[in-house]
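In the numbering used here, the protein residues as written are 65 to 216.
Listed below in C-alpha cells is the structure:
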C-alpha cells in the first residue's frame, strides 16, 4: 500500500497508519451517530483493515479521518468521514472526500457507496446519488457510479 500524502494550507492527508492517533480517532468516532456503540477494538480493526486517510493539522495533530473499504478495482465503501469541529468550516471535509475519491489507487473503482443520515447534499456535490427504492434505509444509501473509463 502506498504511503501517499496530500498537503493543503498546512493541513495534510496521509495514508501512513502509524501516524493515526488511536485515542483521538476513537473519541471522534464515539461522538458520531454511526459508531457511538461500536467497541474500540472493532473500530480500530476496521480502520487498520481499510484504506485509512488521516487528516492532520499544521501542528501534526489528528484533525479528522476517512476510510475506504475496497478491492481497489470494482467496489469501494466510503466510511467514517469525520473532521473535528474545531477544524470545520475550512473546506477540509470536502478536501478529504475529494482526495479519497481521486486517490490514484481508488480513482478507477467503478462503484463507490456510502451511508449517511445527514450529509446527502455534501456527497451529491461529488456525484453521489441516493438509491431510490422508497425505503428509509435506501434514502440513507448513496452511490457514485463512474463510467468504465472514468478515473483512469
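Note that the Cβ used here is the ideal one computed from N, Cα and C, for glycine as well.
Quick caveat: nothing in here was measured; it's all calculated off a predicted structure.
By the 10 Å Cβ neighbour count, where 16 or more other Cβ atoms means buried, how is residue i classified, buried or exposed?
i, result
"residue 155", "exposed"
"residue 105", "exposed"
"residue 211", "exposed"
"residue 135", "exposed"
"residue 96", "exposed"
"residue 74", "exposed"
"residue 71", "exposed"
"residue 209", "exposed"
Assuming residue i contacts residue j under a Cβ cut-off of 8 Å, what Cβ separation, rounded to an integer in Å, is found between them?
i, j, result
"residue 151", "residue 121", "7 Å"
"residue 145", "residue 160", "6 Å"
Measuring CB to CB, does residue i end up less than 8 Å from residue j?
i, j, result
"residue 170", "residue 164", "yes"
"residue 69", "residue 78", "yes"
Where do the ends of the beta strand (DSSP E) carrying residue i lie?
i, result
"residue 119", "115-120"
"residue 72", "69-72"
"residue 156", "Residue 156 -> not in any beta strand (DSSP E); alpha helix (DSSP H) instead, spanning 156-166."
Mind checking who residue i pairs with in its DSSP beta bridge?
i, result
"residue 134", "140"
"residue 177", "141 and 207"
"residue 75", "72"
What are the boundary residues of the alpha helix (DSSP H) that includes residue i?
i, result
"residue 102", "Careful: residue 102 lies outside any alpha helix (DSSP H) and carries neither H nor E."
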